[in-house]
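Below is one structure, written out as structure tokens; comments come after it.
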Amino acid sequence: MLITDDFLPVPVPESLSATYLVPMTGLPKVSAKTAVAALTGRLAEPVHGLARQMLDSPLMSVDTRPISEFPELPPDLLTAFGATEEQLARLAAATHLVVVQAEYRPGWPPAHEWAARAVAAAVAESHDGDVVDVFGLQFLDPATALRSLPDEQGRIRLVDWVLVPYSSDTEGLWFTTKGLRRFGLLELQTQGVPDHLTRAWGAVMTGAARRLLRDWTDGLTGEEVPAFVQLPVLATVTGHDIAVAYGNPEQHGATAPVLLRLELDPATDPEADSFLSLRPPAGHPGPDGRYYAAACATLFSGIQPDVRYARSGDAMSQAVATARAALGDARARFVAGQLPAESQLVVKYGLPGDDGPEYVWAGVTSWEAPERIVGVSASDANTDESVRIGAPVVVEASDVVDWAVLDGTGVIQGGWTQAVLDSGEPPTP
Numbered sequence: 001m002l003i004t005d006d007f008l009p010v011p012v013p014e015s016l017s018a019t020y021l022v023p024m025t026g027l028p029k030v031s032a033k034t035a036v037a038a039l040t041g042r043l044a045e046p047v048h049g050l051a052r053q054m055l056d057s058p059l060m061s062v063d064t065r066p067i068s069e070f071p072e073l074p075p076d077l078l079t080a081f082g083a084t085e086e087q088l089a090r091l092a093a094a095t096h097l098v099v100v101q102a103e104y105r106p107g108w109p110p111a112h113e114w115a116a117r118a119v120a121a122a123v124a125e126s127h128d129g130d131v132v133d134v135f136g137l138q139f140l141d142p143a144t145a146l147r148s149l150p151d152e153q154g155r156i157r158l159v160d161w162v163l164v165p166y167s168s169d170t171e172g173l174w175f176t177t178k179g180l181r182r183f184g185l186l187e188l189q190t191q192g193v194p195d196h197l198t199r200a201w202g203a204v205m206t207g208a209a210r211r212l213l214r215d216w217t218d219g220l221t222g223e224e225v226p227a228f229v230q231l232p233v234l235a236t237v238t239g240h241d242i243a244v245a246y247g248n249p250e251q252h253g254a255t256a257p258v259l260l261r262l263e264l265d266p267a268t269d270p271e272a273d274s275f276l277s278l279r280p281p282a283g284h285p286g287p288d289g290r291y292y293a294a295a296c297a298t299l300f301s302g303i304q305p306d307v308r309y310a311r312s313g314d315a316m317s318q319a320v321a322t323a324r325a326a327l328g329d330a331r332a333r334f335v336a337g338q339l340p341a342e343s344q345l346v347v348k349y350g351l352p353g354d355d356g357p358e359y360v361w362a363g364v365t366s367w368e369a370p371e372r373i374v375g376v377s378a379s380d381a382n383t384d385e386s387v388r389i390g391a392p393v394v395v396e397a398s399d400v401v402d403w404a405v406l407d408g409t410g411v412i413q414g415g416w417t418q419a420v421l422d423s424g425e426p427p428t429p
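Read in order, the letters of the sequence shown are residues 1 to 429 in the UniProt record's numbering.
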């Protein structure tokens, strides 16, 4: 194996395993094979056939055991990853667990995960039960589990398989992925992320996971499983990577790529996990957090990191009028917590300049008084050196000329003036 400064050798495990649980009261009345057969026509045939084949092979086992034989599943962690009170109540009332386990070699497709989840979902559906993904410590209702499986073209949404939890530390937010080990790859982490990038950096991590997972599986296409796969030290992430990871490839914008440096962070404790850390490229000036803010601004389609000046004309006037007319409704939904899940409200406002107003974007963090918006800048301003990406700002609502709601794929609501700037065409009110 050739080792260079451009690539990072990442060890490959010899085999991978998946475990899913189906809690139930009493013994199952329908066999796993019968339950899987009932999915005929509802599950894409590549996965349906794979599940039937693995059920008949030593690569998969389906056992029913008393729940008392297992350590208690931690309800606090299950709740943190989305478990409802009803699901936890059914788990508490269960007397038995159907345990679905599968093993397979690293590579694509991840047959162990696809087949085990399909079988567990089939069993749970036949008994009106739940699926517990042991790796992710997640409850999945059968319909959700089945929707996460590949379609006829083998496509999946990576967000159905890889979570991005985060926590606070003294330097900011610590993001990790939880799910890449399903495919044999080390989990990713980023430390020192500014607090206001909670949603945005989660999307960037998901896009980076998609790009690196593709590089990883490309290195596992041979007949023999290699000891290492060489991943590029400089990983390139685009808006397309994020959109595909969220299952919306048609929504990606023509964003510039962002470079992230990959570092191996081996665990010193044998019981702890090693990580692949995402950092700014070597030689980047300034703190890491500022680079992360600039990367998010670049990758959010329609919210560009460069300064844009408004053009005169009917289309722009109409765009500003449309945005201002809907601003009160945007605030009401923001204050009431009624914006779409995992989204971010941003506003565009003017700064005075010698050549006229300069228009920049800011992410909204609070909006208690209708006339004043508190947020963080999403742009570097030319006319005001204090307005820098990630810097706190206070915006007068009367200065706002546009607003938008962003998720991991870009603008999902608003952005009327930006549409005029990007395309030159009149926006639709």
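Built from N, CA and C at the ideal position, the CB exists for glycine as well.
In this structure, DSSP gives R372 an extended state, which the three-state scheme calls strand.
Take M24, set aside five residues on each side of it, and the residues of its chain with a beta-carbon closer than 7 Å to its own are A94, H96, V98, H127, G129, in chain order. DSSP lists L260 as the beta-bridge partner residues of A235.
Residue range 344-351 is occupied by the beta strand (DSSP E) that includes V346. Segment contact: the region 322-335 against the region 359-368, three or more CB-CB distances shorter than 8 Å; contact assigned.
For P194, the CB contacts under 7 Å within the same chain, skipping 5 residues up- and downstream, are G172, G289, Y292, A293, G390 in chain order. Boundaries of the beta strand (DSSP E) harbouring S277: 275-279, taken from the DSSP string. With a contact defined as Cβ atoms closer than 8 Å, E187 and T198 miss out at about 19 Å.
Q413 carries a strand assignment under DSSP once its states are collapsed to helix, strand and coil. Inter-segment contact for the region 98-110 and the region 210-223 is present: three or more beta-carbon pairs are separated by less than 8 Å. In the displayed model, R65 falls within a strand according to three-state DSSP. Within the same chain, and ignoring the five residues on either side of A143 in sequence, no residue has its Cβ closer than 6 Å to its Cβ. Secondary structure in the region 84-139: the alpha helix (DSSP H) runs of 4 residues or longer, each lying completely within the stretch, are 85-93, 111-126 in chain order. Burial of T238 is indicated by the presence of at least 16 other C-beta atoms within 10 angstroms of its C-beta. E224 has its alpha-carbon roughly 44 Å from the corresponding atom of L406. If you compare the alpha carbons of V22, G283, F275 with that of E263, the shortest gap goes to F275. Beta-bridge analysis with DSSP links P9 to Q230. Residue state for E271 is assigned as coil, using DSSP reduced to three classes. Its chain contains L197, A200, W201, V204 as the residues whose beta carbon lies nearer than 7 Å to that of C296, once the 5 sequence neighbours on both sides are disregarded; these appear in chain order.
Put simply, the region 391-400 touches the region 344-358. At least three CB pairs are less than 8 Å apart. Assigned with DSSP and collapsed to three states, P71 falls in coil, not helix or strand. For the 8 Å CB-CB criterion, D133 and Y20 form a contact. Counting only residues of its own chain and dropping the five nearest sequence neighbours on each side, S15 has a CB closer than 8 Å to the CB of E103, Y104, R105, P106.
Apart from sequence neighbours up to five positions away, the residues of its chain that approach Q230 with a beta-carbon distance below 6 Å are F7, P9, ordered along the chain. Counted as a single uninterrupted DSSP element, the stretch harbouring Y246 is not any beta strand (DSSP E), since DSSP gives it neither H nor E.
Going by DSSP, Q53 is part of the alpha helix (DSSP H) stretching over 45-55.
Ranked by Cα distance from S167, the options G414, G192, R90 are led by G192. Beta-bridge analysis with DSSP links A404 to V346, G414. Counting along the chain, the unbroken alpha helix (DSSP H) around T34 starts and ends at 32-37. Residue state for L16 is assigned as strand, using DSSP reduced to three classes.
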